[in-house]
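A.B. asks: Residue 3 is where the sequence shown starts when you use the numbering used here, and the numbers rise one by one after that.
Where a beta carbon is used, it is the ideal one built from N, C-alpha and C, also for glycine.
As the structure is a computational prediction, the values presented were derived from the model and not from experiment.
Take this structure, written in C-alpha cells, and hold onto it; I'll ask about it next.
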Amino acid sequence: MAPDWLASMRGAIDAAPPAWFAAHPAPPNPHRSSAVLVLLSPSLTGPPGTCAIVLTERAHSLRSHAAQVVFPGGHVDPGETSTQAALRESTEEVGLNPGSVDIVGPLPGVYLTPQRTALVPVLGWWRDPHPIGAVDAAEVARVLIPSVADLAEPANRFTATAPGGFQGPGFLVDDLVIWGVTANLLDAILDAAGLSQPWDTGRSRAVPNYLLAPYSMG
Numbered sequence: 003m004a005p006d007w008l009a010s011m012r013g014a015i016d017a018a019p020p021a022w023f024a025a026h027p028a029p030p031n032p033h034r035s036s037a038v039l040v041l042l043s044p045s046l047t048g049p050p051g052t053c054a055i056v057l058t059e060r061a062h063s064l065r066s067h068a069a070q071v072v073f074p075g076g077h078v079d080p081g082e083t084s085t086q087a088a089l090r091e092s093t094e095e096v097g098l099n100p101g102s103v104d105i106v107g108p109l110p111g112v113y114l115t116p117q118r119t120a121l122v123p124v125l126g127w128w129r130d131p132h133p134i135g136a137v138d139a140a141e142v143a144r145v146l147i148p149s150v151a152d153l154a155e156p157a158n159r160f161t162a163t164a165p166g167g168f169q170g171p172g173f174l175v176d177d178l179v180i181w182g183v184t185a186n187l188l189d190a191i192l193d194a195a196g197l198s199q200p201w202d203t204g205r206s207r208a209v210p211n212y213l214l215a216p217y218s219m220g
C-alpha cells in the first residue's frame, strides 16, 4: 500500500512549489519536452512499511549526461502526455511493466536552460514490484533502488560543488554521486514529504571529473 505521505507530498509541492521548482518554471511552449518517472516502491531490503526509489546510472559512453545518476525517462514524443512518456521510457530503459505502477500524478515542470528542455517529473507508486535491470547497456549502466531512509541519512548528504560556482544538494548512494537536477528533485521530495533529516550543508564535495567531462565537450 502506498504511504499516506505520497499523495500529500504531491499536494504540498503543487500548493507551494519548493524554491528549486519556483526558480526554474517551465515555459508554456518549450523547445523540447521530457519526462522522468519518480517511482517509489516498498523497500526490498528495509523494514516493512519503508520505501525505496528507482534510479539509473547512465552508460559512461553516452554523449549526453554520461555516467549521471538519473530517474528513468526521456523525451516526450508527439501526441504523448508526460505520464505516457515517463512510463514508455522506463519500459525501454529498465524493463518496467507499466501495469505494475499506480500513477499519483505529475509534479510541476522545471526548465533546464542549457538543454532548452521542460522536464516534468511524474510521481508513481510501484504497486507490484518485479525484477528490472538495464535493458540496453549502451544506454543504462545499472539500476539502483536505494531506500528513502538511506537517501535521507545525513552521512550520505553534502553540498555538491563544481567549476563556475555551482553549489547544490548532493547525495552518495552505492559509491555514486548524485547531483544536479536529480539531486535537487530528491531534495525537494524529501522536504515536501517531511522525510528530510538535518544535515551538514557546510560539508562540501567536488563533483568528480568523470561527471563533468560531458559538459566540457560543448
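1. Which one of His33, Pro29, Glu82, Gly135 has the shortest CA to CA distance from Gln117?
2. Span of the alpha helix (DSSP H) holding Gly13?
3. Determine the closest residue to Ala151 out of Val145, Thr115, Leu188, Pro165, with distance taken between C-alpha atoms.
4. Among Pro165, Ala194, Gly101, which residue has its Cα nearest to the Cα of Ala215?
5. Do you know whose CA, among Val71, Arg90, Asp130, lies nearest Pro210's CA?
6. With distances taken Cα to Cα, identify the nearest neighbour of Thr203 among Asp177, Val183, Gly170, Leu192.
7. With a 10 Å radius around its C-beta and 16 neighbouring C-beta atoms as the bar for buried, classify Arg168 as buried or exposed.
8. Under the three-state reduction of DSSP, which class applies to Met219: helix, strand or coil?
9. Looking at the secondary structure, which residues open and close the beta strand (DSSP E) in which Val142 lies?
10. For Leu42, list the residues DSSP reports as bridge partners.
11. Using only CA atoms, which one of Val122, Asp130, Pro156 lies nearest to Pro1?
C.D. replies: For this structure:
1. For the purposes of this step, residue 117 is identified with residue 115 of the sequence shown, where counting begins at 1. Closest by alpha carbon: His33.
2. Residue mapping note: residue 13 aligns to position 11 of the sequence shown, counting from 1. Looking at the DSSP string, the run of the alpha helix (DSSP H) that includes Gly13 is 6 to 17.
3. As a position in the sequence shown, residue 151 is number 149, starting the count at 1. With distances taken between Cα atoms, Ala151 lies closest to Leu188.
4. Stepping through the sequence shown from its first residue, residue 215 is reached at position 213. Closest option to Ala215, Cα to Cα, is Pro165.
5. As a working mapping, residue 210 is identified with position 208 in the sequence shown. Residue Val71 is the option with its Cα nearest to Pro210.
6. Taking the first residue of the sequence shown as 1, we reach residue 203 at position 201. That would be Gly170, whose Cα lies nearest to the Cα of Thr203.
7. Position 166 of the sequence shown, counted from the start, is the residue given in the question as residue 168. Note on residue identity: the sequence assigns Phe, not Arg, to residue 168. By the 10 Å Cβ count, Phe168 comes out exposed.
8. In the sequence shown, the residue the question calls residue 219 occupies position 217. With a pLDDT of 40 at Met219, under the threshold of 50, the predicted position of this residue should be treated as unreliable, though the coordinate-derived value follows. Three-state DSSP puts Met219 in coil, outside helix and strand.
9. Numbered from its first residue, the sequence shown carries residue 142 at position 140. Element bounds for Val142: 142 to 146.
10. As a working mapping, residue 42 is identified with position 40 in the sequence shown. Beta-bridge pairing links Leu42 to Ile55, Trp127.
11. No answer is possible for residue 1: it lies beyond the span of the chain, which begins at 3 and ends at 220.
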